[in-house]
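Peer 1: Just remember that my numbering sits 882 ahead of the position in the sequence shown, which is counted from 1.
Note that CB positions come from ideal geometry on N, CA and C, so glycine has one too.
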Amino acid sequence: MTIRLPGAGGALRTYEPRTEPLAVTPGTPFTSRTVFSAAHVVADPFADVSPDSPAAVDWDATLAFRRHLWSHGLGVAEAMDTAQRGMGLDWAGAAELIRRSAAEATSVGGRIACGVGTDQIASGSLAEVRAAYEEQLALVEESGAQAILMASRALAAAASSPEDYLEVYGHLLRQAAEPVVLHWLGPMFDPALEGYWGSADLDAATDTFLDVIAAHSDKVDGIKVSLLDARREIDIRRRLPKGVRCYTGDDFNYPELIAGDEQGFSHALLGIFDPLGPLAAQAVRVLDTGDVQGFRDLLDPTVGLSRHLFQTPTRFYKTGVVFLAWLAGHQSHFTMVGGLQSARSLPHFATAYELADGLGLFPDPKLAEERMKTLLSVYGVNQ
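#1: Hey, would you say Thr916 sits closer than 8 Å to His1149, going by beta carbons?
#2: Opposite Leu887 in the DSSP bridges: which residues?
#3: Any idea which residues DSSP pairs Asp930 with across the strands?
#4: Ala1040 and Val1011 look like a contact to me (Cβ under 8 Å); what is the Cβ gap, rounded to whole Å?
#5: On the premise that Gly1242 lies in contact with Leu1325, defined as a C-beta separation below 8 Å, what is that separation, rounded to the nearest angstrom?
#6: Determine the direct distance from the alpha carbon of Ser983 to that of Ala946, and round the result to whole angstroms.
#7: Please list, in chain order, all residues of the same chain as Gly889 whose beta carbon is under 7 Å from its beta carbon, the five residues on each side excluded.
#8: For the alpha helix (DSSP H) that contains Lys1106, what are its first and last residues?
#9: Please name the residue in Leu1084, Thr1256, Gln1175 and Lys1248 whose C-alpha comes closest to that of Thr901.
#10: If contacts are defined as beta-carbon pairs under 8 Å, then Arg1178 and Pro1137 qualify, I think. What distance do you get, rounded to the angstrom?
#11: Using the Cα positions of Arg981 and Asp1093, report the straight-line distance between them to the nearest angstrom.
#12: Measuring straight from C-alpha to C-alpha, what distance separates Asp1132 and Thr1196?
#13: Ignoring anything shorter than 3 residues or poking outside the segment 1049 to 1118, list the beta strand (DSSP E) runs there in chain order.
#14: Per DSSP, what kind of secondary structure is Glu960 in: helix, strand or coil?
#15: Under a Cβ-count criterion, where at least 16 other Cβ atoms within 10 Å of its own Cβ denotes burial, should Ala995 be classed as buried or exposed?
#16: Output needed for Ala987: all residues of its chain with C-beta closer than 6 Å, excluding positions within five of it in sequence on either side, in chain order.
#17: How is Tyr1235 classed by DSSP in three states: helix, strand or coil?
#18: Which runs of the beta strand (DSSP E) fall wholly inside the segment 1121 to 1171 and span at least 3 residues, in chain order?
#19: Any contact between the segment 1015 to 1032 and the segment 1049 to 1061? By contact I mean 3 or more CB pairs, one from each, below 8 Å.
#20: Spatial neighbours of Tyr897 within its chain, please: C-beta separation below 7 Å, excluding the five flanking residues on both sides.
#21: Can you give, in chain order, each stretch of the alpha helix (DSSP H) that sits fully within the segment 933 to 988 and has at least 4 residues?
#22: For Gly997, which of helix, strand or coil comes out of DSSP?
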């Protein structure tokens, strides 16, 4: 059983897939860490839409994938950038996703937190940005889900100083019914967020971010830091008020950040835990026993795949995530909202397949091989 894969230079090479998946089974809830997987959406492949049309979502397949994550003990971070917020999924689609997923979480006893942003407006004044946030916060709270206050493109454009961020976030936190998660998404994920918190200087931006938290620590459950900078995350983690958690969003350095050090650790809210769900859950259960080395032994080998999927331009990592969901049998096709399946090259897909197969991520390796060969044939590679 072999498959010919293209390399970066264009030459074909022979790869022998593994024949058995990694043995993982659902288990008990986690005790040492709170772990969320940011989940992707499954497009409806039969909808007659264009990249500029509102997203056509296959709701059955989308919710089935969330049940898969919940079955392994993971929480679902819904309607985040992994779900293509602002890259194919508009606010109307995100609102429907939040309602459906929150109801599904209630029916199966799954944990869910949902993204609150301002993507119903392209731009506006600070008052309009605040109103957009309020509309989304109300919907998430009405659904019964925890709120994640995401970074806002509109706020980045409207704010002229750190004080503008302090005012907007302070207003939202004061009115939040329950503690929220604050999300700092770096410009590598979304270039429109350059200079967030009022400065392109990350030290100054960090100070403003921490000022917001310190002023409203009773309304902040935790923070999600997505800067791909482990040292900065550790520094922020050590400066948080007591009781405020750090949820790592660092898809390059997550094993060491979750494992932690003598001064603390990070919980997790990660896009890479979409394809890694069962393996990540197994690793955290090992960590629950106090076996840090066993946890690292399971999770460290996955970093190569994650760094590949999140390579520059990082914002297109969603393409690799959905590609692997298709190969793993979680959906019947490789189509994405907004046509984003075209955002990565064939060599990129080939390497992602090889790395994921090597980790044993595919429940049915033969199915994954057949689907990879199907994709290769579309590109003119005959086996």
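Peer 2: In short:
#1: Here residue 916 is taken as the residue at index 34 of the sequence shown, counted from 1. Here residue 1149 is taken as the residue at index 267 of the sequence shown, counted from 1. The Cβ atoms of Thr916 and His1149 sit closer than 8 Å to each other.
#2: Residue numbering aside, residue 887 sits at position 5 when the sequence shown is read from its first letter. Answer is Arg895, bridged to Leu887.
#3: Counting from 1 along the sequence shown, the entry for residue 930 is found at position 48. According to DSSP, Asp930 bridges with nothing at all.
#4: The count along the sequence shown starts at 1 and reaches residue 1040 at position 158. The count along the sequence shown starts at 1 and reaches residue 1011 at position 129. About 5 Å; that satisfies the 8 Å criterion.
#5: With the chain covering 883 to 1265 only, the question about residue 1325 has no answer from this structure.
#6: In the sequence shown, the residue the question calls residue 946 occupies position 64. In the sequence shown, the residue the question calls residue 983 occupies position 101. Cα to Cα, Ala946 sits roughly 10 Å from Ser983.
#7: The sequence position of residue 889 within the sequence shown is 7, counting from 1. So the list reads Arg895 and Pro1229, once near-sequence residues are dropped.
#8: Counting from one through the sequence shown, the residue named residue 1106 turns up at place 224. Where Lys1106 is concerned, there is no enclosing alpha helix (DSSP H), although the beta strand (DSSP E) it sits in stretches over Val1102 to Ser1108.
#9: Here residue 901 is taken as the residue at index 19 of the sequence shown, counted from 1. If we check each option's Cα against that of Thr901, Lys1248 comes out closest.
#10: Locating residue 1178 in the sequence shown gives position 296, where the first residue counts as 1. Locating residue 1137 in the sequence shown gives position 255, where the first residue counts as 1. Indeed they touch by this definition, with Cβ atoms about 6 Å apart.
#11: As a first step, residue 981 must be located in the sequence shown, where it is residue number 99. As a first step, residue 1093 must be located in the sequence shown, where it is residue number 211. Their backbone Cα atoms lie some 32 Å apart in a straight line.
#12: By 1-based counting over the sequence shown, the position of residue 1132 is 250. By 1-based counting over the sequence shown, the position of residue 1196 is 314. Distance between the alpha carbons of Asp1132 and Thr1196: 12 Å.
#13: 1062 to 1067 and 1102 to 1108
#14: To locate residue 960, count along the sequence shown from 1; it is residue 78. Three-state result, Glu960: strand.
#15: Numbered from 1 along the sequence shown, position 113 holds the residue referred to as residue 995. Classification for Ala995: buried.
#16: On the sequence shown, residue 987 is found 105 positions in, with the first residue counted as 1. Cβ within range, chain order: Ile994.
#17: As a first step, residue 1235 is located in the sequence shown; it is residue number 353 there, counting from the start. Reduced to three states, the DSSP call for Tyr1235 is helix.
#18: 1127 to 1130 and 1149 to 1152
#19: Between the segment 1015 to 1032 and the segment 1049 to 1061, the count of C-beta pairs closer than 8 Å reaches three or more; the two stretches touch.
#20: Taking the first residue of the sequence shown as position 1, residue 897 is located at position 15. Here the set comprises Thr884, Ile885, Leu887 and Glu1236.
#21: 941 to 953
#22: As a working mapping, residue 997 is identified with position 115 in the sequence shown. The three-state reading of DSSP puts Gly997 in strand, counting E and B together.
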